[in-house]
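Colleague: Take the sequence shown: its position 27, counting from 1, is numbered 30 in this note's numbering, and each next residue is one higher. Where is the CB? At the ideal position from N, CA and C, for every residue including glycine. Just so it is clear, the structure is predicted and the values come from calculations on it, not from any experiment. Could you have a look at this structure, given as structure tokens, before my questions?
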Amino acid sequence: MSTPEHAFAPRAELSLAPHAAPVDDVAQEQVDGIGPTGRPRRHIPDPPPLLHHGPAKILAICNQKGGVGKTTSTINLGAALAEYGRRVLLVDFDPQGALSVGLGVHPHQLETTIYNVIMEGDTAVRDVIRKTMVDDMDLLPSNIDLSAAEIQLVSEVGREHTLVRTLRPVIDHYDYVLVDCQPSLGLLTVNALAAADGVLIPLECEFFSLRGVALLIDTIEKVKERLNPKLNITGILATMFDPRTLHSREVMARVVEAFGEIVFDSVINRTVRFPETTVAGEPITRWAPRSSGANAYRALAREVIAR
Ligand code: ADP
Ligand code: MG
4 MSTPEHAFAP
14 RAELSLAPHA
24 APVDDVAQEQ
34 VDGIGPTGRP
44 RRHIPDPPPL
54 LHHGPAKILA
64 ICNQKGGVGK
74 TTSTINLGAA
84 LAEYGRRVLL
94 VDFDPQGALS
104 VGLGVHPHQL
114 ETTIYNVIME
124 GDTAVRDVIR
134 KTMVDDMDLL
144 PSNIDLSAAE
154 IQLVSEVGRE
164 HTLVRTLRPV
174 IDHYDYVLVD
184 CQPSLGLLTV
194 NALAAADGVL
204 IPLECEFFSL
214 RGVALLIDTI
224 EKVKERLNPK
234 LNITGILATM
244 FDPRTLHSRE
254 VMARVVEAFG
264 EIVFDSVINR
274 TVRFPETTVA
284 GEPITRWAPR
294 SSGANAYRAL
304 AREVIAR
């Protein structure tokens, strides 16, 4: 394995030199229409409007590494699917509650969360789901209480199917349920995989990001075999891509080489716009509707609908 950049060289973003894409890259993209994955750009038209809604496809947004863009992708893919007329439920399945925070909901102020639905028979999921600022996109929030559920569930019968049972009463109302998983392969994540039709794996374009993916895919295969035969990998989403660095482009080439067609054509670039949206508590499609980040998640939504 070659290290593309000297380990002690200053990183590009620390340099005072103005940033600009290498001229060759820009020219090449214009001439041969090659996308950031190194494959030709394929145009996917806007999806047709739906005549009726549901039952929802459940997608688990999963990677046991933290900080790879799971929560950001859940919010922004959800908002983009809703723009295309799909009814979306976002499930915060991480006790950190970052998805709830990212939508402007303060977890410690919540009276009921997904925890109450899972652990207490008398709390209905419909009563805990809240609207978000995006039309047709709802949220099933969580907070730190959920970390107790992981421990309490261990001794329950059918512990891996708790989430699927929880979602059953509302599944017909939505077209997509996106489950934002915690950064581990523990019981909560296994519950998300046991409930899901597909897994979307955000993968940071960084040198070590490929390391954990084999373990994740192994877990997905075990869940498919033992708990949920319909489970498939919907796609791998390259995130935090910086087209200006050789490093990012090399990692991308390896990802495409390793995983082929399941890598989405849509790629999410690294931009400060995403941390900004977290502070704003809004999806990028609202915060910066015409930004390239918003358009990248719209392109991803078209791919997800087409797959
Ligand atoms: P995860 O849920 O996998 O832990 P997050 O979605 O919370 O990851 O992202 C981790 C951090 O990186 C957050 O501060 C988020 O705002 C930021 N981030 C996410 N996607 C991008 C991106 N494409 N470019 C720059 N920063 C990003
Ligand atoms: Mg997260």
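Would you check if the distance between the CB atom of residue 146 and the CB atom of residue 172 is smaller than 8 Å?
Modeller: No, they are not a contact pair.
Colleague: Out of 158, 74, 52, 168, which one is the CA nearest neighbour of residue 144?
Modeller: Residue 74 is the option with its Cα nearest to residue 144.
Colleague: Give the straight-line distance between the Cα atoms of residue 192 and residue 286, rounded to the nearest whole angstrom.
Modeller: Approximately 24 Å between the Cα atoms of the pair.
Colleague: Hey, residue 220 and residue 66: beta-carbon distance below 8 Å or not?
Modeller: Not in contact: residue 220 and residue 66 (Cβ atoms no closer than 8 Å).
Colleague: Got a list of residues with beta-carbon closer than 5 Å to any non-hydrogen atom of the ligand MG, in chain order?
Modeller: My final list is 73, 74, 101.
Colleague: Could you tell me the boundaries of the alpha helix (DSSP H) in which residue 278 lies?
Modeller: Here the alpha helix (DSSP H) through residue 278 covers 276–283.
Colleague: By Cβ distance, which residues of its chain are closer than 7 Å to residue 77, with the 5 residues on each side in sequence left out?
Modeller: Excluding sequence neighbours, residue 77 sits near 64, 93, 102, 181, 183.
Colleague: With residue 239 as the anchor, note down where its alpha helix (DSSP H) starts and where it stops.
Modeller: Careful: residue 239 lies outside any alpha helix (DSSP H), inside the beta strand (DSSP E) at 235–242.
Colleague: With DSSP run on the structure shown, which of helix, strand or coil describes residue 133?
Modeller: Residue state, collapsed to three classes: strand.
Colleague: Check whether the Cβ of residue 271 sits closer than 7 Å to any heavy atom of the ligand ADP, and report yes or no.
Modeller: Flag set: Cβ of residue 271 near the ligand ADP.
Colleague: Would you check if the distance between the CB atom of residue 239 and the CB atom of residue 262 is smaller than 8 Å?
Modeller: Yes, the Cβ-Cβ distance between residue 239 and residue 262 is below 8 Å.
Colleague: Which ranges does the alpha helix (DSSP H) cover as unbroken runs of at least 4 residues, wholly within the region 31–88, from first to last along the chain?
Modeller: As far as the region 31–88 is concerned, its whole alpha helix (DSSP H) runs of at least 4 residues are 73–86.
Colleague: What is the rounded straight-line gap between the Cα of residue 227 and the Cα of residue 277?
Modeller: Approximately 33 Å, taken between the alpha carbons.
Colleague: Beta strand (DSSP E) containing residue 179: first to last residue?
Modeller: Residue 179 -> beta strand (DSSP E) spans 179–184.
Colleague: Short check: CB of residue 170 to CB of residue 61, under 8 Å?
Modeller: For residue 170 and residue 61, yes; Cβs fall inside 8 Å.
Colleague: Just how far apart, CA to CA, sit residue 29 and residue 249?
Modeller: Only weak support is given to the placement of residue 29: the predicted model assigns it a pLDDT of 37, under 50, and the value that follows is read from those uncertain coordinates. Answer to the nearest angstrom: the Cα atoms are 14 Å apart.
Colleague: Residue 266 to residue 232, Cα distance in whole Å?
Modeller: Answer to the nearest angstrom: the Cα atoms are 22 Å apart.
Colleague: Suppose you measure from the CA of residue 155 to the CA of residue 127; what does that come to, to the nearest Å?
Modeller: Each residue's alpha carbon lies about 19 Å from the other.
Colleague: Taking 7 Å as the cut-off, does the CB of residue 39 come closer than this to any heavy atom belonging to the ligand ADP?
Modeller: Flag unset: Cβ of residue 39 not near the ligand ADP.
Colleague: Run through DSSP, which three-state label would residue 211 get?
Modeller: Three-state result, residue 211: helix.
Colleague: With DSSP as the reference, identify every bridge partner of residue 95, one or two as the case may be.
Modeller: Paired residue(s): 183.
Colleague: Under 8 Å by Cβ, that's how I've got residue 190 and residue 162 pegged, so tell me the actual separation to the nearest angstrom.
Modeller: So it is a contact: roughly 7 Å between Cβ atoms.
Colleague: Output needed for residue 119: all residues of its chain with C-beta closer than 6 Å, excluding positions within five of it in sequence on either side, in chain order.
Modeller: Same-chain partners within the cutoff: 126.
Colleague: Closest to residue 90 by CA distance: which of 53, 124, 300 is it?
Modeller: Answer by Cα proximity: 53.
Colleague: What three-state label does DSSP hand residue 110 in the structure shown?
Modeller: Note: residue 110 maps to helix in three-state DSSP.
Colleague: When we look at the beta-carbon of residue 136 and count the other beta-carbons within 10 Å, is it buried (16 or more) or exposed?
Modeller: When all chains shown are included, residue 136 counts as exposed.
Colleague: Assuming residue 282 contacts residue 237 (C-beta within less than 8 Å), just tell me the rounded distance between them.
Modeller: Residue 282 to residue 237, Cβ: 29 Å. No contact.
Colleague: Express the C-alpha separation of residue 49 and residue 31 in angstroms, rounding to a whole number.
Modeller: Only weak support exists for where residue 31 lies, its pLDDT of 38 falling under 50; the value from the coordinates is given anyway. Near 26 Å, if we compare the C-alpha coordinates of residue 49 and residue 31.
Colleague: Taking C-alpha atoms, which residue in 37, 46, 292 lies nearest to residue 309?
Modeller: The shortest C-alpha separation from residue 309 is found at 46.
Colleague: By DSSP, does residue 27 sit in helix, in strand, or in coil?
Modeller: No answer about residue 27 holds up, because its pLDDT of 36 lies below 50 and its placement is not dependable.
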